[in-house]
Amino acid sequence: MSALILISVLAVLVLYLGLYNKKSWLAPLGILGLAGAIVLFATGWHIPHHLLAGMLEFDRFSIGFSIGMAAITLLIFLFGPDYYTRMQQHVAEQYALMLFSLVGGFLLSSYTNMLMLFLGIEILSIPLYVLAGAKKNSLRSTEASLKYFLLGSFATAFLLMGIALLYGLAGSFDLGVISAHIAGAGSSDLVLNFALFFVVTGLAFKVGAVPFHFWVPDVYQGAPTLVTTFMATVVKMAAFAGFYRFIDITGMPDALARIMVLLVLATLLVGNVAALRQTNFKRLMAYSSVAHSGFLLLALLTDTGPGSTVGATLLYYTFTYSLATAGLFVLFTIAKRANNGAEHNGIFQGLFAAKPWLALCGLAMFLSLAGIPLTAGFIAKYQVFLLAIGAGWLKVMGFGVLMALLGIYYYIMVARELFVPAEHPTTFVVTPLNGLVISACAIGVLLLGLWPALMAW
Amino acid sequence: MELLALILIPFLAATALLAFRPAAAAARGLALTSTLLTLAFALWLWYTWTGVAVTGISHDWVPAWGMRFKLGYSGIGLLMILLTGVLFPFIIGTGYKQPTGDPALVNSMLLFSQAALFGVFMAQNAFLFYIFFELSLIPIFFLLLFWGGEHKRAITIRFFLYTLLGGLALLFSIAYVTLQTPLPHSADFSALAALELPMSTQYWLFWTMFLAFAIKMPIFPFHSWQPETYVMAPTQGTMVLSAVMGKMGIYGVVLFLFTIVPEGALHWTNLVLVISLFGALYAAVIAFRQDDFKRLVAYSSMSHMGLMCAALFTWNAYGISGGLYQTFAHGVLMVCLFYIVGMMYQRVGTNDLSAMGGLKTRMPRMALLFMLVVGNAISMPLTQSFVGEWLMFNGLWQLDHWMAVAGVVLIVLGAIYMLYAYQRVLLGPDRQLEVADADDEEHFFLVPLIAITFVVGVFPNIVLHLVDGPVQQLLNSFTSLP
């Protein structure tokens, strides 16, 4: 509770600082607050507790996710001062909106009541609609914002419809009651199946599952890079945390499993195949995000109810994915500046010659996204393999393996650019703080790959 | 401790090369020193071999998924360790006379892959095996991608995807069999070998595993990446691929298929025998028709690998020991042949056989060295290959006379294309090509390898005694099958 309040108050405080034009205070204050929130969450680690009359439950899963999201936000804030150097106005709003969005993420990872799910999704999303359009003068940014907003509200409508149906059936928003009702109902209960379908649709939109993925590439490309980073990491973690909490209650009835299998197959296929042809780095990362959603959905598919290890797998997967993605986006910004704002994959050329350490860090992060052994991404994918095989989804897993192969191809092709000599002289300007963020992400990815037990609970 | 040293020495040397990027001489010196050190360790392991499998290190890694950091070796593993240890100093040494790119980076990549290869041959946990199996690929991938020849990008990508496909299929199999072990799960080979999987499972599991090894070796019809890759790769890369990495396939077949899915392997024996022998014949015929020297050697390598794979599936002591013994002979042979290809390329400026010829009088020493190497290639008595081929041939004969006939045809074809190649390079009318004879450095490289060929050929037990025990153990476990 205290962490939730801390972050909310922090966001308001940051807004006020903006009023007084204290730009240089924003990031340090935000970082301090986030560190405080992490500590507060960590102190509650062994004591699962309920809040707001049992509508929120902070167990190990939600605390783990909350700490993960706060940590990634912290990394993004470390990158903030450099990213916003040239921007004089409305910087405070951006930090504050991200913090508000983070609060939504906390709710999503801990709700036990459908109302809180809805609140969480809205608190998470509404700041993002604004953030995506933060570059007011850029057409792409405005387009991203509008597209995200329209499709997002459409998906929310689905979610609401599903929640309403569930309420009508079970007579309560409480997940426990709903769970009991589902256990009692047969698998042929059409209304129930529709209710589940609608809720899953709303959530699938948030995680960027195919066929609800159309916003992902445009929004990732159009939004300012810092916001894209936030969306690709923290928002993804939050969305999957929310998804998991819902699936953990409903279990996996046959009707739902059928839909989920289709989602998994389509997401894996479209995400990976589309990523093959991307030349714009941000679009590549967008499709890679869709592709990773496919693997995460596969993990969800194996969830047969409480007591499974799916939650731990999701946390490990999303967190390590976020680490690699955040680090790569920072690296991308550095390379983009060195190439006068170009965004194609070739901007990484010459990095190894100029900054060998950063290039190796970048390689580690690409390999992690690709799932090459000794990186965290490999362990994450392997966990999904184990879950899927254990649950008997052998053929789906076989398809996943083929798609993972495609994934390795496109990441490796970009990673290759790091080592290709630049065609024309480029100077990469790296502030110490940015170097720190990149190194932290790369080392984190390797460390978690070597000792996965660091994140076990 | 020696086991960890085998992995750490090349790894640290490679890291140092990558971090400090010393000048050419220092880089080569460091790389050579490190490989000589690992050779010393490998020889020490060989010298102290008592016939009992050794487990050096065993640490929990992620117990929940059966991952253990467990290193050790059996006789077969030791043979592979010895192979890697013996050949890498020569592979690094190739860089002195036939340099590729920036010596610091190239040697660093080679050493990284050596570290991973040692890991592969020492891993006693299937998961660990897989990790090293994939890691050995990455440095080679970069080696080919940056220092390859024509069309390097497309060819490297194809090679990479091919091998990764096999790797992922293997990972899938490992995950599956690990989950079949009783709780707490274990991916140790000892635990996996104790599994008695149902027949229906073994049938498909055999293929998901075999795919990885068939691509690595490679055997027909999983070979299409091989000739292009071998030709395009820089000489050192080709040496690592053909002499050592291909052997991971042979090793994997014995380690995985024969212990985890023996009934599946037994069931598919005939099919595997037929495709590998057919592939071997097919490659031999193609080799004969090649005009490109390097491609000819590449096809000859494929032909030999096919025969070795067939020999493993004969299910008798002759065949299996012969196949394993031949890995060593073949490794030495490939390093020699590709070195000679490189020498000729440097002198004539092309790999085209029709551009060579009549060089014997201009390079008599070279002609002698090449003749001795060819002797090994065509299994002349007293050479290593003679022992290996004889054992394999015997194994095939015991299994089926027609298979043995195929084996004989293969040996004859091998002699034909190798001698024909020799003829086209060195004999015939003098073409007035101004070429230098083999110099001291090249003698320094080839003579020790040729010496190994003959010493191990005359005293095959030096190597053969390593595999006797394990092969007998394997055969005993087969006879106890229902």
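Sequence order for the protein chains is A and B. FYI, in the numbering used here the residues of the first sequence are 9 to 465. FYI, in the numbering used here the residues of the second sequence are 41 to 522. Ideal Cβ placement from N, Cα and C applies to all residues, glycine included. A quick note: this is a predicted structure, and the numbers were derived from the prediction, not measured.
| query | result |
| --- | --- |
| If you scan the stretch 244-278 of chain A from start to end, which runs of the alpha helix (DSSP H) of 4 or more residues do you find wholly inside it? | 244-258 |
| Just the chain B side, please: which residues come within less than 8 Å of Gly-415 (chain A) by C-beta, in chain order? | Here the premise fails: no neighbours, minimum Cβ distance about 10 Å. |
| Taking the straight line between their C-alpha atoms, what separation do you get for Pro-50 (chain B) and Ser-74 (chain B)? | 6 Å |
| Can you check whether the C-beta of Pro-433 (chain A) is within less than 8 Å of a C-beta belonging to chain B? | no |
| List, in order along the chain, the chain A residues whose C-beta lies closer than 8 Å to that of Trp-105 (chain B)? | Tyr-390, Gln-391 and Leu-394 |
| What separation, rounded to the nearest whole angstrom, lies between the Cα atoms of Thr-493 (chain B) and Thr-321 (chain A)? | 52 Å |
| Where Gln-97 (chain A) and Lys-244 (chain A) are concerned, what is the direct C-alpha to C-alpha distance, given to the nearest angstrom? | 28 Å |
| Are there three or more Cβ pairs, one per stretch, closer than 8 Å when the stretch 253-260 of chain B is compared with the stretch 307-326 of chain B? | yes |
| I need the straight-line Cα distance from Thr-275 (chain A) to Asp-182 (chain A), nearest angstrom please. | 30 Å |
| For Ala-305 (chain B), I'd like the list of residues in its chain whose CB is within less than 7 Å of its CB, leaving aside the five on either flank, ordered along the chain. | Phe-246, Leu-297 and Phe-298 |
| Would you say Val-301 (chain B) faces chain A, with C-beta separation under 8 Å as the test? | no |
| Residues of the stretch 179-205 of chain B in Cβ contact with chain A at a cutoff of 8 Å, in chain order, please. | Phe-181, Phe-182, Leu-185, Phe-186, Ile-197, Phe-200, Leu-201, Leu-204 and Leu-205 |
| Give me the Cβ distance between Leu-377 (chain A) and Ala-332 (chain A), rounded to the nearest whole Å; I'm assuming they're in contact under 8 Å. | 5 Å |
| Give the residues from the stretch 79-113 of chain B that approach chain A closer than 7 Å (Cβ to any Cβ), ordered along the chain. | Val-102 and Trp-105 |
| Check the C-beta distance from Met-279 (chain B) over to Met-374 (chain B) and give it rounded, since I have them as a contact under 8 Å. | 7 Å |
| In terms of residues, what are the limits of the beta strand (DSSP E) holding Phe-109 (chain B)? | 107-113 |
| Determine, using beta-carbon pairs with one atom in the stretch 13-20 of chain A and one in the stretch 98-107 of chain A, whether at least three such pairs fall under 8 Å. | yes |
| What are the partner residues of His-58 (chain A), as DSSP defines its beta bridges? | A:Glu-65 |
| Please classify Met-77 (chain A) as buried or exposed, where buried requires at least 16 other C-beta atoms within 10 Å of its C-beta. | buried |
| Do Thr-309 (chain B) and Trp-244 (chain B) have their C-beta atoms closer together than 8 Å? | no |
| Using the three-state DSSP reduction, which class does Tyr-92 (chain A) fall into: helix, strand or coil? | coil |
| Using C-beta distances below 8 Å, list every residue in its chain close to Val-498 (chain B), excluding the 5 sequence neighbours before and after it, in chain order. | Leu-422 |
| Following the continuous alpha helix (DSSP H) through Ser-153 (chain B), name the residue where it begins and the one where it ends. | 143-162 |
| Where does the unbroken beta strand (DSSP E) through Trp-101 (chain B) begin, and where does it stop? | 94-102 |
| Suppose you measure from the CA of Gly-69 (chain B) to the CA of Ile-255 (chain B); what does that come to, to the nearest Å? | 34 Å |
| Are the stretch 396-414 of chain B and the stretch 337-348 of chain B touching by the rule of at least three beta carbon pairs closer than 8 Å? | no |
| Alpha carbons only, please: which of B:Tyr-365, B:Arg-108 and B:Leu-466 is nearest the one belonging to Ile-121 (chain B)? | B:Tyr-365 |
| Just grab the DSSP bridge partners of Tyr-119 (chain A) for me. | A:Leu-64 |
| Could you tell me whether any Cβ in chain A is nearer than 8 Å to the Cβ of Ile-171 (chain B)? | yes |
| With a threshold of 8 Å between beta carbons, is Leu-234 (chain A) in contact with chain B? | no |
| So, with DSSP's three-state summary, where would you put Asp-392 (chain B)? | strand |
| Please check if any C-beta of chain A sits within less than 8 Å of the C-beta of Ala-215 (chain B). | yes |
| From Phe-173 (chain B) to Leu-42 (chain A), what does the alpha carbon distance come to, in whole angstroms? | 41 Å |
| Over what stretch of residues does the alpha helix (DSSP H) that includes Ser-161 (chain A) continue unbroken? | 147-178 |
| For Arg-387 (chain B) and Leu-281 (chain B), what's the separation of their Cα atoms in angstroms? | 24 Å |
| Kindly indicate which residue of A:Leu-27, A:Leu-410 and A:Gly-184 has the alpha-carbon position closest to the one of Leu-273 (chain A). | A:Leu-410 |
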